[in-house]
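Here the sequence shown stands for residues 111 to 805, numbered as in the numbering used here. Ideal placement from N, C-alpha and C gives every residue a C-beta, glycine not left out. Note that the structure is a prediction, hence the values are computed from the model and not measured. In what follows, a structure is listed as structure tokens, so that the remarks can point back to it.
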Amino acid sequence: MTKVLVVVESPAKAKTIGKFLGRNYTVRASMGHVRDLPKSQFGVDVENDFSIKYITIRGKGELLQELKNTASKSARILLATDPDREGEAIAWHLQHVLKIPEDAQCRIEFNEITKKAVTEAVKKPRQIDRDRVEAQQARRVLDRLVGYNLSPLLWRKIKKGLSAGRVQSVVVRLICDREEEINSFIPEEFWSITARLNKDKTAFEAKLVKINEDKAELKNEQEVNEIIKKIGKNNLTVDSIKKRQQRRNPAPPFTTSSLQQEASRKLNFTAKKTMMIAQQLYEGLDLGKEIGSVGLVTYIRTDSTRISEEAQKEAQEYILEKYGKDYLPEKPREYTTKGKIQNAHEAIRPTYVQRTPEEIKKFLSNEQYKLYKLIWDRFIASQMASALLDVTTVDLKYDYFTFRATGSILVFPGFTKVYIEGRDDSEKDENNILPPLEVGEEIKVNKIVPKQHFTQPPPRYTEATLVKTLEEKGIGRPSTYAPILDTIVTRGYAVREQKQFHPTELGCVVVDLLKKYFPEIIDEEFTAQMEEKLDSIEEGNVDWKKILMDFYQPFLQELEFADKDIGRIAVAEEETEEKCEKCGRNMVIKFGRYGKFLACPGFPECQNTRPLLEETGITCPQCQQGKVVLRRSKKGKKFYGCSSYPECKYVSWDEPTAEKCPRCMSYMVKKQGKKAGERLVCSNENCKYVQTIDK
């Protein structure tokens, strides 16, 4: 009995840590949780002070027996689960299963899976933190109280298979409320006037901003035409020139939430995919014989933007060597985090800065490389000097009309040399280059361009903007966002179309019901307050059972009233002219994980389904008879094919158009590029003709 048993959650983590600790340690994986509430039972005795019934998770019996056998032969047991509430709860369950004394110093934790971090952690074991365990336990029981009571109500009143989670329901409400805003939005007309100017062969633009000293608010075409008529062909006179230097600071290193947002914007990853790949980077990957298996990034579930002094110093040395002292800020950057930070973790960063993305690219999959590069770039940029821009604002006048031209020149790139934060909208920063101008100088107007606009409704949520909203409102925890967003799509409450969330009829029906009968459950503020109460439990300031009691009694009364008052609710399904080839009924449109599809309304007697073919209005470029329709692969990815399939085998990832290439007369396809924007490209690979699309 000379060896020390170290228990972690996953085999990948066990493999990496095992190489660090050597022959005196045995490292085993628990494969996640070992005990949980039973799925087939409520598992919480609300009348007996919320006593909880835990059972061994099905399929874990053999694994647990192996752990017990190894533990009985070990001199000591250390529990090295993740450094958060859930990790603490797993360690507590393992302590119970392996019969480790309650006061034993058996818990170790580390923020990164590197040899130094792990070997230092085993020297500093501590007792299990019961406050953290109770905070996690309270969350689990709260979710059980809501889910196991509300879901059966929805089955009885709407249809079987529905679920209503505590945080999930609020997320669906956000999507439904946004759709309501969009549908009720009444656009208002407004106009803008732009003067196209030229001096010394440099073209630039100025917008009408003031009429007399009032802001230019143009509401109709008649007003615009009168202004254009008054200006006529007169020159504009430079009235004022203001120059200033603008400092642009880098974004902080990633937290769980900001990583999910940026991976959605820049890599088109879902939150679920981002967390899955990030977990692989954290647990460790094999970098060849020389290095072996090592964790590439620090712990990925964190609310903190804090960086250790050691990591800062490492980044400074790299920046100094690679870019020079001008790219280092005067003092190391420190970032503050709003609200409470769970366990004061570090931000997500590379474990070793010198391990650059390009250096280890050959050992990573394409997706692992992309995410690691995103994390590495963001961290390095966060420790670099600010970018400097010279911004010039010029006001030009004719009579009582003031036009404004703004131009900026990047004087010093600073952190932008490495990384620029993504944006949620499609707007681009205009970099209007201005010629040298002097006050009193007259500038010739080439053209006055009027433009009609309409106010726009708020955009639908994307994964990035939804995650951002949840974090800003304090709803749920970033580590729970990925499974929640996946669940609302899987359950049919929302669908993703062109990266945006659209609520389904079912989602809106469920939200309306919850709004009426369970206003607190679906209230954003109430849900955020509940998160704060869970934080208070972790801090040891409040009893977890009191929090549950205060919530459960009013909820139970609402539940009893709703059950009596709600009648059967039918969810309308959109009927189509398409006939079911098996039973002859008219097919209806249903929502699935990957969007709309056709299904027979005779389910379960008839279980016929088929894809919903969305026509593009384009004749098939291959057979010239069928129509090009939008289809989806098994994984939900969109592609285009001929409606005459299987007779015609035409397929394309890019949307074909009716446009013909002016060079070779082949059909053109639409392509969307991050930098180039939307453009038409010739389908003939040998032609290479490209045409930009003027919005």
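Minimum C-alpha distance to residue i - residue among the options
{"i": "V251", "options": "K149, Q215, C752", "result": "K149"}
{"i": "N794", "options": "S776, K780, K781", "result": "S776"}
{"i": "G677", "options": "Y627, K700, F713", "result": "Y627"}
{"i": "T637", "options": "E219, L284, I268", "result": "L284"}
{"i": "T347", "options": "K507, Q237, D213", "result": "K507"}
{"i": "T597", "options": "D213, Y135, S273, A709", "result": "S273"}
{"i": "Y591", "options": "D287, T412, I292", "result": "T412"}
{"i": "G617", "options": "T446, V681, D653, L644", "result": "V681"}
{"i": "P560", "options": "I321, K267, R236, L328", "result": "L328"}
{"i": "F564", "options": "L397, S261, I296", "result": "I296"}
{"i": "K780", "options": "P772, R773, V800", "result": "V800"}
{"i": "C774", "options": "E788, C792, S762", "result": "C792"}
{"i": "P442", "options": "R465, V621, P360", "result": "P360"}
{"i": "Q355", "options": "R488, T502, E157, K399", "result": "T502"}
{"i": "S743", "options": "T726, S762, N651, E757", "result": "S762"}
{"i": "E757", "options": "D764, Q732, E765", "result": "Q732"}
{"i": "S184", "options": "K163, V117, Q151", "result": "V117"}
{"i": "D487", "options": "R133, R306, E372", "result": "E372"}
{"i": "T767", "options": "K759, V738, Q782", "result": "V738"}
{"i": "K747", "options": "T380, L255, R789", "result": "T380"}
{"i": "Y482", "options": "V504, E157, A495, I458", "result": "I458"}
{"i": "E765", "options": "C797, I728, H455, E424", "result": "I728"}
{"i": "T136", "options": "G153, N476, L115, A124", "result": "L115"}
Supposed close pair residue i, residue j - CB separation, criterion 8 angstroms
{"i": "G602", "j": "V277", "result": "No, G602 and V277 are not in contact; Cβ-Cβ is about 18 angstroms, not under 8 angstroms."}
{"i": "V407", "j": "A388", "result": "7 angstroms"}
{"i": "L499", "j": "V528", "result": "About 17 angstroms; that fails the 8 angstroms criterion."}
{"i": "A497", "j": "T461", "result": "The pair is not a contact, with the Cβ atoms about 27 angstroms apart (cut-off 8 angstroms)."}
{"i": "D159", "j": "K655", "result": "6 angstroms"}
{"i": "A515", "j": "N542", "result": "6 angstroms"}
{"i": "P362", "j": "S492", "result": "6 angstroms"}
{"i": "I632", "j": "K643", "result": "The Cβ separation is near 18 angstroms, so there is no contact."}
{"i": "A214", "j": "Q247", "result": "Not really, about 20 angstroms apart at Cβ, beyond 8 angstroms."}
{"i": "Q735", "j": "S754", "result": "6 angstroms"}
{"i": "R570", "j": "F513", "result": "Incorrect: roughly 35 angstroms between the Cβ atoms, too far for contact."}
{"i": "Y409", "j": "E222", "result": "7 angstroms"}
{"i": "I268", "j": "V619", "result": "7 angstroms"}
{"i": "V282", "j": "E634", "result": "Actually they do not touch by this definition, with Cβ atoms about 12 angstroms apart."}
{"i": "L395", "j": "F314", "result": "Going by Cβ atoms, the distance from L395 to F314 rounds to 51 angstroms, so no, they are not a contact pair."}
{"i": "Y428", "j": "V463", "result": "5 angstroms"}
Cβ-based burial, residue i [other Cβ within 10 Å; buried from 16]
{"i": "P467", "result": "buried"}
{"i": "P121", "result": "exposed"}
{"i": "K383", "result": "buried"}
{"i": "T126", "result": "buried"}
{"i": "L511", "result": "Checking the sequence, you will find Phe at residue 511 rather than Leu. Buried: at least 16 other Cβ atoms inside 10 Å."}
{"i": "M385", "result": "buried"}
{"i": "C690", "result": "buried"}
{"i": "D660", "result": "exposed"}
{"i": "Q608", "result": "exposed"}
{"i": "S536", "result": "Confidence at S536 is low in this model, with a pLDDT of 44, below 50, so its placement is unreliable and no value can be given for it."}
{"i": "F713", "result": "exposed"}
{"i": "V549", "result": "exposed"}
{"i": "W202", "result": "buried"}
{"i": "L430", "result": "exposed"}
Opening and closing residue of the alpha helix (DSSP H) in which residue i lies
{"i": "Q667", "result": "654-675"}
{"i": "V681", "result": "Per DSSP, V681 belongs to no alpha helix (DSSP H) and is neither H nor E."}
{"i": "E198", "result": "195-207"}
{"i": "A147", "result": "Sequence check: residue 147 is Leu here, not Ala. Element bounds for L147: n/a, residue is neither H nor E."}
{"i": "A231", "result": "225-231"}
{"i": "A122", "result": "121-131"}
Residue span of the beta strand (DSSP E) that contains residue i, given as start and end
{"i": "Y428", "result": "Taken as a continuous stretch (DSSP letters only), Y428 belongs to no beta strand (DSSP E), being part of the alpha helix (DSSP H) at 419-433."}
{"i": "G751", "result": "748-752"}
{"i": "A638", "result": "Unbroken run through A638 is the alpha helix (DSSP H), 634-648; no beta strand (DSSP E)."}
{"i": "P721", "result": "719-721"}
{"i": "E765", "result": "765-770"}
{"i": "K183", "result": "Taken as a continuous stretch (DSSP letters only), K183 belongs to no beta strand (DSSP E), as it is neither H nor E."}
{"i": "P613", "result": "610-613"}
{"i": "E715", "result": "Element bounds for E715: n/a, residue is neither H nor E."}
{"i": "T802", "result": "800-802"}
{"i": "L740", "result": "737-742"}
The ligand ZN heavy atom lying under 6 angstroms from the CB of residue i
{"i": "V549", "result": "What this structure holds is no ligand at all, so the ligand ZN is not there to describe."}
For this session: At 4 residues or longer, and completely inside the stretch 316-383: list those alpha helix (DSSP H) runs for me, N to C.
Result: 331-341, 366-377
Exercise. At what residue ranges does the stretch 447-515 contain a whole run of the alpha helix (DSSP H), taking only runs of 4 or more?
Worked result: 467-470, 476-492
Problem set entry | Whole beta strand (DSSP E) elements within the stretch 525-592, 3-residue minimum | 555-564
Exercise. Which parts of the stretch 268-304 are runs of the alpha helix (DSSP H), unbroken and 4 residues or longer, counting only runs that do not cross its ends?
Worked result: 278-294
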